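For the sequence shown, the tail end lands on 92 under our numbering, and the numbers increase by one without skipping.
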Amino acid sequence: MIRVFTVVAESDFHLILRFSNDEKRRFDMRPYLDMTVFQPLKNPGFFGLASVNYGTVVWPGEIDIAPETLYELSVRLPG
Numbered sequence: 014m015i016r017v018f019t020v021v022a023e024s025d026f027h028l029i030l031r032f033s034n035d036e037k038r039r040f041d042m043r044p045y046l047d048m049t050v051f052q053p054l055k056n057p058g059f060f061g062l063a064s065v066n067y068g069t070v071v072w073p074g075e076i077d078i079a080p081e082t083l084y085e086l087s088v089r090l091p092g
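Structure follows, in structure tokens:
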């Protein structure tokens with residue numbers, strides 16, 4: 014099972030992620046921001062509160078996204 018180890022929220026609503034297999038990847042959250050559960054993330058300050066808990070990315074208010082989604086729909090980065 015793939016897990017997120019670290020996350021950095023970028024100002025353009027992308028997440029830079031390091032996974033349990035040591036891959037570094039970039040995930041675009043913009044397509045998700047109109048979904049009801051993710052609408053609070055449209056606020057850049059709130060989006061920047063992303064952290065890792067239990068192997069995935071979470072935000073205050075019990076907002077999270079599956080690590081499998083983050084991995085499968087992200088782009089691999091060098092390093």
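No residue lacks a Cβ here, since even glycine has one placed at the ideal position from N, Cα and C. Quick caveat, the model's predicted, so the values are computed rather than measured.
Quiz item: Are LEU62 and LEU54 close, meaning C-beta to C-beta below 7 Å?
Solution: Start at 1 with the first residue of the sequence shown, and residue 62 comes out as number 49. Start at 1 with the first residue of the sequence shown, and residue 54 comes out as number 41. The answer is no: Cβ separation not under 7 Å.
Practice problem: Give the single residue among SER64, PRO91, VAL17 and ASP25 whose Cα lies nearest to the Cα of GLU75. | Solution: Stepping through the sequence shown from its first residue, residue 75 is reached at position 62. Residue SER64 is the option with its Cα nearest to GLU75.
Self-check item: Per DSSP, cross-strand counterpart(s) of ARG89
Solution: What you label residue 89 is simply residue 76 of the sequence shown in a count that begins at 1. Under the DSSP definition of a beta bridge, ARG89 partners with ARG38.
Quiz item: CA-CA distance, PRO91 and LEU83?
Solution: The residue you call residue 91 lines up with position 78 of the sequence shown. The residue you call residue 83 lines up with position 70 of the sequence shown. In this structure, the alpha-carbon of PRO91 lies about 17 Å from that of LEU83.
Quiz item: If we count the other Cβ atoms within 10 Å of its Cβ and call it buried at 16 or more, is PRO7 buried or exposed?
Solution: Examination of residue 7 is not possible in this model, given that the chain is present from 14 through 92 alone.
Quiz prompt | Cβ distance (whole Å) where GLU23 is taken to contact ARG89 below 8 Å | solution = For the purposes of this step, residue 23 is identified with residue 10 of the sequence shown, where counting begins at 1. For the purposes of this step, residue 89 is identified with residue 76 of the sequence shown, where counting begins at 1. A Cβ-Cβ distance of about 16 Å is found for the pair GLU23 and ARG89, leaving them out of contact under the 8 Å criterion.
Quiz item: Residues in its own chain within less than 6 Å of PHE51 by CB, not counting five upstream and five downstream?
Solution: On the sequence shown, residue 51 is found 38 positions in, with the first residue counted as 1. Counting only Cβ-Cβ distances below 6 Å, and skipping sequence neighbours, we find TYR45.
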